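Comments concern the structure below.
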Amino acid sequence: MTDIDRLFTRLDALLDRLEPLLPPTVQATDWDALAFRWRRPGHLQAVRHPQLIEPEALLGIERQKALLARNTEQFVRGLPANNALLWGSRGTGKSSLIRAMLEHFGAQGLRLIEVEKRDLADLPEIVEPLYERPERFVIFSDDLSFEADDPSYKALKATLDGSVAAAPDNVLIYATSNRRHLLPEYQRDNQDARVADGELHHGEAVEEKISLSERFGLWIGFHAFRQDDYLNIVFHTLRRMQVVFEESEVRPEALRFALERGSRSGRVAAQFARDWAGRTGL
Numbered sequence: 001m002t003d004i005d006r007l008f009t010r011l012d013a014l015l016d017r018l019e020p021l022l023p024p025t026v027q028a029t030d031w032d033a034l035a036f037r038w039r040r041p042g043h044l045q046a047v048r049h050p051q052l053i054e055p056e057a058l059l060g061i062e063r064q065k066a067l068l069a070r071n072t073e074q075f076v077r078g079l080p081a082n083n084a085l086l087w088g089s090r091g092t093g094k095s096s097l098i099r100a101m102l103e104h105f106g107a108q109g110l111r112l113i114e115v116e117k118r119d120l121a122d123l124p125e126i127v128e129p130l131y132e133r134p135e136r137f138v139i140f141s142d143d144l145s146f147e148a149d150d151p152s153y154k155a156l157k158a159t160l161d162g163s164v165a166a167a168p169d170n171v172l173i174y175a176t177s178n179r180r181h182l183l184p185e186y187q188r189d190n191q192d193a194r195v196a197d198g199e200l201h202h203g204e205a206v207e208e209k210i211s212l213s214e215r216f217g218l219w220i221g222f223h224a225f226r227q228d229d230y231l232n233i234v235f236h237t238l239r240r241m242q243v244v245f246e247e248s249e250v251r252p253e254a255l256r257f258a259l260e261r262g263s264r265s266g267r268v269a270a271q272f273a274r275d276w277a278g279r280t281g282l
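The sequence shown runs 1 to 282 under full-length UniProt numbering.
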């Protein structure tokens, strides 16, 4: 083996060791997709089979549905619209309602980009390629909650309102949370409140917690379902699944199912309906 052959052999071995350390090749974005996920480093991954939900399938949240549908229609028509925070009880249809907007307005150019909480620090990078796109993008982040020193929290605040860079006109943020203010609230936070000339002034800790949620122009609250609402969702879901049933037979089983889980919600109703349909199909 000559010196040149030995050199090339050593270079091949060196490249084999360096290749795993190199960043992966960034793929081109498939802009024909309806929904995307943000994937590091810097890639919008098309969702080939998005989970679409018909708005008519969501019961018990008619007011919330009307509010978000109106805001989304304003957005897709190029009219002023607000970022939205959907907050409240678990399993009441917050994230389902956002996906229902994609089903309803997808043909009018609405697109959904799902961003996990840990990736919200990448928001400036995520929105950069969207400025010149004709579509209307909703950045969707589910089940948000933060600690005060979380870098994702700071990035979200800046993107919503406060960054030196202007947010694209074709981008909104829809987020869901069990907390109205997205941050844990402690008793000690209210101990710094004071009264001046009959007016209540919150302490700095409370003001900081409120400052993020106030950047969402639309707040939509979701609350625990009443028993009748829960049962209506159970019956409606079973009918959509084309299950033949008697309401008098299903009712006590559905209530027992909810009692065991400590919740009457749309999620629990759908879980019971799947369980009932599976059992009766055996």
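All C-beta atoms, glycine included, are put in the ideal place defined by N, C-alpha and C. All values derive from a computational prediction rather than experimental measurement.
Problem - Three CB pairs or more closer than 8 Å across the stretch 83-94 and the stretch 174-183 - result: Contact holds: three or more Cβ-Cβ distances are below 8 Å.
Problem - Counted within 10 angstroms of its Cβ, other Cβ atoms place A13 as buried (16 or more) or exposed - result: Here residue 13 refers to the residue found at position 13 when the sequence shown is read from its first residue. Exposed, since its Cβ has fewer than 16 Cβ neighbours within 10 Å.
Exercise for the section: Give a yes or no on whether the C-beta atoms belonging to E114 and N170 are separated by under 8 Å. Expected result: Here residue 114 refers to the residue found at position 114 when the sequence shown is read from its first residue. Here residue 170 refers to the residue found at position 170 when the sequence shown is read from its first residue. Contact: no.
Problem - Bounding residues of the alpha helix (DSSP H) (the contiguous stretch that carries L266) - result: Working through the sequence shown from its first residue, we reach residue 266 at position 266. Note on identity: in this sequence residue 266 is Gly, with Leu being the wrong assignment. Where G266 is concerned, the enclosing alpha helix (DSSP H) stretches over 266-281.
Exercise for the section: Taking the CB atoms as reference points, tell me whether F235 and E249 lie closer together than 8 Å. Expected result: Taking the first residue of the sequence shown as position 1, residue 235 is located at position 235. Taking the first residue of the sequence shown as position 1, residue 249 is located at position 249. In this structure, E249 does not lie closer than 8 Å to F235 by Cβ.
Problem - Selected residue, minimal CA-CA separation from E54, among R37, H104, R10 - result: As a first step, residue 54 is located in the sequence shown; it is residue number 54 there, counting from the start. Measuring from the Cα of E54, the nearest candidate turns out to be H104.
Handout entry: Range covered by the alpha helix (DSSP H) that runs through E62
Key = Against the sequence shown, residue 62 aligns to sequence position 62. E62 -> alpha helix (DSSP H) spans 62-76.
Practice task
Measure the alpha-carbon distance for T280 versus Q51 and round it to whole angstroms.
Solution key: Sequence index remark: in the sequence shown, residue 280 carries index 280 (1-based). Sequence index remark: in the sequence shown, residue 51 carries index 51 (1-based). Rounded to whole angstroms, T280 to Q51 spans 26 Å at the Cα level.
Practice task
Would you mind sorting F222 into buried or exposed? The rule is 16 or more other CB atoms within 10 Å of its CB.
Solution key: Position 222 of the sequence shown, counted from the start, is the residue given in the question as residue 222. A residue is called buried when at least 16 other Cβ atoms come within 10 angstroms of its Cβ; F222 meets this threshold and is buried.
Exercise for the section: Report buried or exposed for V127, applying the criterion of at least 16 other Cβ atoms within 10 angstroms of its Cβ. Expected result: Along the sequence shown, read from residue 1 onward, the residue named residue 127 stands at position 127. Buried: at least 16 other Cβ atoms inside 10 Å.
Handout entry: Alpha carbon of R10 to alpha carbon of D3, nearest angstrom
Key = Taking the first residue of the sequence shown as position 1, residue 10 is located at position 10. Taking the first residue of the sequence shown as position 1, residue 3 is located at position 3. If you take the alpha carbons of R10 and D3, they lie about 11 Å apart.
Exercise for the section: Quickly, what does DSSP pair I233 with across the bridge? List them, please. Expected result: In the sequence shown, counting from the first residue as 1, residue 233 sits at position 233. DSSP, once it has assigned bridges, lists no residue as partnering I233.
Handout entry: Nearest-angstrom Cα separation, counted from D275 out to R37
Key = Within the sequence shown, residue 37 is the residue found at index 37, counting from 1. Within the sequence shown, residue 275 is the residue found at index 275, counting from 1. The straight-line gap from Cα to Cα measures roughly 30 Å.
Exercise for the section: Classify L79 as helix, strand or coil using the three-state DSSP reduction. Expected result: Taking the sequence shown and counting its residues from 1, one reaches residue 79 at position 79. In this structure, L79 counts as coil in the three-state DSSP scheme.
Exercise for the section: Report the rounded CA-to-CA distance for L259 versus I233, giving the unit in angstroms. Expected result: The sequence position of residue 259 within the sequence shown is 259, counting from 1. The sequence position of residue 233 within the sequence shown is 233, counting from 1. When only Cα atoms are considered, L259 and I233 end up about 16 Å apart.
Practice task
Could you spell out where the beta strand (DSSP E) holding S177 opens and where it closes?
Solution key: Working through the sequence shown from its first residue, we reach residue 177 at position 177. S177 -> beta strand (DSSP E) spans 171-177.
Problem - 7 Å Cβ shell around F75 - same chain, five flanking residues per side excluded - result: Against the sequence shown, residue 75 aligns to sequence position 75. Annotation for F75: A81, R136, L172 place their beta carbon closer than 7 Å to its own, counting only its chain and skipping 5 residues before and after.
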